[in-house]
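Beneath this line is the structure, given in structure tokens, with notes to follow.
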Amino acid sequence: MRYKTMALGLLFCSLSAQAASLDPWAEQLEQEMHAKYTVLNERVSACKAMRKSFDYAKPLNEGWFETLDTTEQQKVIQFGFANASQQCSAKEREAYTGSMLDYVAYTGDKEPLNEWLVLVEGDKELQQDINSIGVEQTQKFVKQHLNAPFDALQLLKSQGLF
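Heads up: the sequence shown is residues -19 to -1, 1 to 143, going by mature numbering (1 follows the signal peptide of the UniProt record, and there is no 0).
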């Protein structure tokens, strides 16, 4: 999952403009939301840095994975990339989401929620591809082989899939 700094920057600029007219509790909730987003962003950066330590040379030669065609293998790796990235920052994502929902519920300002939904919405086409490939088998494979952050393109190249 990639976080779009520009979109969130615009979101926070609009929130800051609204903050001037908010009551103290709303301002507190907004500040907490900003603080939790900062922690999330720092964690996402740390997760990206962890990609360097992934063992790209290790072959992904599990029987089920080898039965897939190249396109399906690419999709499984793409899904694994998204899953590992998401899992790496799950705690911080949860904290930010809770804080953002508190702010939205109190103020009625749904803009942060709408922006967040755009950012976290999964790739529908990829989800359909994984449905066709097999959700359970894909999740099992990803959990065993792709559970740490990695660079998807580098892995595809190292596996001869790109």
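Every residue, glycine too, gets a C-beta built ideally from N, C-alpha and C.
- Classified as exposed, Q109 has fewer than 16 neighbouring CB atoms from the shown chains inside 10 Å of its CB.
- Residue nearest to M14 within the set M81, L98, A38 is M81 (criterion: CA-CA distance).
- For M31, the CB contacts under 6 angstroms within the same chain, skipping 5 residues up- and downstream, are P130 in chain order.
- Less than 7 angstroms separates the beta-carbon of S70 from that of V25.
- Nearest in C-alpha terms to Y77, of all of Q9, L21, Q125, A63, is L21.
- Under the three-state reduction of DSSP, F35 is assigned to coil, being neither helix nor strand.
- Less than 7 angstroms divides the Cβ of V85 from the Cβ of K91.
- Counting only the Cα atoms, P5 lies some 56 angstroms from W45.
- Distance check between F35 and each of I111, E8, Q135 places Q135 closest, using alpha-carbon atoms only.
- Under the 10 Å beta carbon count, K56 is surrounded by 16 or more other beta carbons and is classified as buried.
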